[in-house]
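Undergrad: Mind looking over this structure? Questions follow.
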Amino acid sequence: MKYKLVAIDLDGTLLDDQKKISPENIAAIQKLQEAGVVVVLASGRAFQGIKKYQPQLGVQGLAISYNGAMVADIQTGQIFSQDLMDNKDAKALVARGLDWETTMCLWSKHQLYTNVYNDRVAEYETFSNVSAIVLDKPADFDHIIDQGLSKIFWYDDPDRIEDFEETLLGARYLWPQTTICKSGTHFLEFFHQDTSKGLALAQIGKRLDIPAEAMISFGDAANDLSMLTYAGLGVAMGNASPEVKEAADFITLTNEENGVAYALKQFIDY
């Protein structure tokens, strides 16, 4: 099979633990593009958090952000598709997050909002490339939700995230239009139920006339599962969660060991 498109997650996949891209991975991606292979960056991050890596990689075309809620041109920012959260669900989840005193981040119209400014939010500002606005009144949250949310995520200790996920999934009837999944040990994400990286990848494939079997996808977390199972070849990182490894067709080295570059050498002749 001649692969024509490679979709790559960022955190825990293309990026190392210091949120940097190794020279080996950069070289591999540049070789892909020279060979005419389309490279799609696909992340739970906001668009700005993906775009910051564009000059370094030289990628062009479409990128998947907010776990698939938005597909946009990585250079111009032109939006090709967008799925916003259900307002009722979003308000219920924000109310629950406030009750449980967890750190919440809300994305609306490329702007980051939070309920509290702390070290976690400061860290997230750095890699999202956006300064957060703190909301401290219920009416402020309602206003932001009403203008449309791309996603919400909670940032907390791993044991709390585990408890939150179990409890919220057990009460699915309260937020029926929302997908709930972890994107790492510290993150619990919420986005529209019709949103996924896999569906976004299918949209891009249709637009570019590239079938699923001609795609490779890379990921490490639960929010990558739909993308790994959609692509003809799904590659899990060596540091991926057990469920991701089980769903993958191939397990590569970790994100600290240039796992993306290693797998590309196995499957693409460039």
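Numbering (my numbering), first residue to last: 66 to 335. Backbone N, C-alpha and C define an ideal beta-carbon position, used for all residues, glycine too. Since this is a predicted model, take the numbers as computed values, not measurements.
(1) So Ala296 and Ala72 are supposed to be a Cβ contact under 8 angstroms. How far apart are they, rounded?
(2) Between the segment 112 to 119 and the segment 242 to 258, are three or more C-beta pairs nearer than 8 angstroms?
(3) Given that a residue counts as buried once 16 or more other Cβ atoms are within 10 Å of its Cβ, and exposed if not, what is Leu177?
(4) Do Lys262 and Ala107 have their beta-carbon atoms positioned less than 8 angstroms apart in this structure?
(5) Report the start-end ranges of each beta strand (DSSP E) in the segment 66 to 140 that is 3 residues or longer and not cut off at the edges.
(6) Could you compute how far the alpha carbon of Gly284 sits from the alpha carbon of Leu163?
(7) Shortest alpha-carbon distance to Phe256 belongs to which of Phe218, Leu264, Leu293, Ala286?
(8) Please determine, among Pro120, Gly109, Leu75, the residue with the shortest C-alpha to C-alpha distance to Gln95.
(9) Which first and last residues belong to the alpha helix (DSSP H) in which Ser291 is found?
(10) Could you tell me whether any non-hydrogen atom of the ligand MG is closer than 7 angstroms to the CB of Gln140?
(11) Is Val181 helix, strand or coil by DSSP?
(12) Would you kindly work out how many angstroms separate the C-alpha atoms of Lys109 and Asn288, rounded to a whole number?
(13) Would you please state the rounded distance, in angstroms, between the beta carbons of Leu70 and Gly299? I believe it to be under 8 angstroms.
(14) What does DSSP give as the partner residue(s) for Thr167 in the beta ladder?
(15) Please state the DSSP three-state secondary structure of Arg271.
(16) In the structure shown, what three-state DSSP assignment does Val159 receive?
(17) Which residue wins for smallest C-alpha separation from Ala10, given the options Ser306, Gln212, Ala157?
(18) What's the gap between the Cα of Ile316 and the Cα of Met302?
(19) Can you check which of these residues, His175, Gln331, Asp81, Asp201, is closest to Tyr182 by C-alpha distance?
(20) What's the gap between the Cα of Tyr131 and the Cα of Leu264?
(21) Take Thr250 as the anchor and find which of Asp76, Lys67, Tyr68 has the nearest alpha-carbon.
(22) Would you call the segment 224 to 232 and the segment 191 to 208 touching, i.e. three or more CB-CB distances under 8 angstroms?
(23) Are the Cβ atoms of Thr167 and Asp221 separated by less than 8 angstroms?
(24) Distance check for Thr141 and Arg225, CA to CA, integer angstroms please.
TA: Result, derived from the coordinates:
(1) The Cβ separation is near 7 angstroms, so the contact holds.
(2) By the criterion of at least three beta-carbon pairs nearer than 8 angstroms, the segment 112 to 119 is not in contact with the segment 242 to 258.
(3) Residue environment for Leu177: buried (at least 16 other C-beta atoms within 10 angstroms of its C-beta).
(4) Taking 8 angstroms as the Cβ cut-off, Ala107 and Lys262 qualify as a contacting pair.
(5) With a minimum length of 3 residues, the continuous beta strand (DSSP E) runs that stay inside the segment 66 to 140 are 70 to 73, 103 to 106, 127 to 130, 135 to 138.
(6) If I take the Cα positions, the gap works out to 31 angstroms.
(7) Check the Cα spacing between Phe256 and each of Phe218, Leu264, Leu293, Ala286: the tightest is with Phe218.
(8) The shortest Cα separation from Gln95 among Pro120, Gly109, Leu75 belongs to Pro120.
(9) Ser291 -> alpha helix (DSSP H) spans 290 to 295.
(10) The ligand MG is not among the ligands present in this structure, which contains no ligands whatsoever.
(11) DSSP, reduced to helix, strand and coil, places Val181 outside both helices and strands of the structure shown, so it counts as coil.
(12) Per the sequence shown, the amino acid found at residue 109 is Gly instead of Lys. Near 8 angstroms, if we compare the C-alpha coordinates of Asn288 and Gly109.
(13) Not confirmed; about 13 angstroms, so no contact.
(14) Thr167 pairs with nothing; no bridge assigned.
(15) Rather than Arg, the amino acid found at residue 271 in this sequence is Lys. The answer is helix: DSSP assigns Lys271 an H, G or I state.
(16) In the three-state reduction of the DSSP assignment, Val159 falls in the helix class.
(17) Any property of residue 10 remains undetermined from this structure, which presents the chain solely from 66 to 335.
(18) C-alpha of Ile316 to C-alpha of Met302: approximately 6 angstroms in a straight line.
(19) When each option's Cα is compared against that of Tyr182, the closest is Asp201.
(20) Taken atom to atom, the span from the alpha-carbon of Tyr131 to that of Leu264 is near 12 angstroms.
(21) Nearest of Asp76, Lys67, Tyr68 to Thr250, Cα basis: Asp76.
(22) The segment 224 to 232 makes no contact with the segment 191 to 208; the number of CB pairs closer than 8 angstroms stays below 3.
(23) In this structure, Asp221 lies closer than 8 angstroms to Thr167 by Cβ.
(24) When rounded, the separation of the alpha-carbon atoms in Arg225 and Thr141 is 38 angstroms.
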